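Here it is, written out as structure tokens:
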């Protein structure tokens, strides 16, 4: 369980990152384009036999992070994984560079025609044997960062007010936020719960 203080720190980091990378825009479906404009390379790859959904790589030659995401994910989950990987970079977790994973490195080179030196960071978000426990604080931090990055208060509170939210059911609000922010229903519910509480308390 993240402390309230840590939640606020992550929220501020996520919203600052959103402002820097996307400004006031809410078109998360174009997130990869925004990342590339900010100097973060995004690569699609078939990671199915690696049991991973995303990795953060570091291109030492270009001095540039590269985010590799499983191309079989549905688009909303693909966007969410990009936001989680950004969180892992920005939150400054301590990484050890893993140079003993030639399978992943070779796969990325095949997928992206990458020929420069690549090291893989040893923190994959994984579906398989490398899966981190959902109780792991760093996983919770990444989830929270992604939610606030994709749905920052600065854009979400005005949208919520414009929707005349008190007259709509939670199911209807979730549907609307899912469409507006291009997110899955779970993220929409989490953010709406917090937003409604904040807006109600401000009155």
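Numbering (the UniProt record's numbering), first residue to last: 1 to 203.
For glycine and all other residues, C-beta sits at the position ideal for the given N, C-alpha and C.
Remember, it's a predicted structure, so these values are computed and weren't measured experimentally.
### C-alpha gap between residue 29 and residue 52, whole angstroms
Cα-Cα distance, rounded: 22 Å.
### Query
So what does DSSP say about residue 68, is it helix, strand or coil?
strand
### For residue 184, the three-state DSSP class (helix, strand or coil)
coil
### Query
So, using beta-carbon positions, are residue 26 and residue 181 closer together than 9 Å?
Their beta carbons are under 9 Å apart, which means residue 26 touches residue 181 by this criterion.
### Query
Ends of the alpha helix (DSSP H) at residue 31?
31-37
### Euclidean distance between Cα positions of residue 154 and residue 24
8 Å
### Message
Restricting to Cα atoms, I'd like to know which of 145, 8, 166, 168 is closest to residue 80.
### Response
145
### Message
If the criterion is Cβ atoms closer than 9 Å, does the pair residue 47 and residue 41 meet it?
### Response
no
### Query
On the three-state DSSP scale, how would you describe residue 163?
coil
### Query
Going by the CB atoms, is the gap between residue 39 and residue 64 shorter than 9 Å?
In this structure, residue 64 places its C-beta atom within 9 Å of the C-beta atom of residue 39.
#### Entry: Buried versus exposed call for residue 158 [16 or more other C-beta atoms within 10 Å across all chains shown]
exposed
### Task
Buried or exposed for residue 20, please, with buried defined as at least 16 other CB atoms from any protein chain shown within 10 angstroms of its CB.
exposed
### Query
Considering only residues of the same chain and omitting the five flanking positions on each side of residue 197, which have a CB-CB separation below 7 Å?
For residue 197, where only same-chain residues beyond five positions count, there are no Cβ hits under 7 Å.
### Query
Measuring CA to CA, which of 178, 138, 173 is closest to residue 90?
It is 138 whose Cα lies nearest to the Cα of residue 90.
### Query
Terminal residues of the continuous alpha helix (DSSP H) containing residue 17?
4-22
### Task
Decide if residue 200 is buried, meaning its Cβ has at least 16 other Cβ atoms within 10 Å, or exposed.
exposed
### Query
Short check: CB of residue 156 to CB of residue 189, under 9 Å?
no
### Message
Less than 7 Å between C-beta atoms, sequence neighbours within five positions excluded: which residues of the same chain meet that for residue 11?
### Response
148
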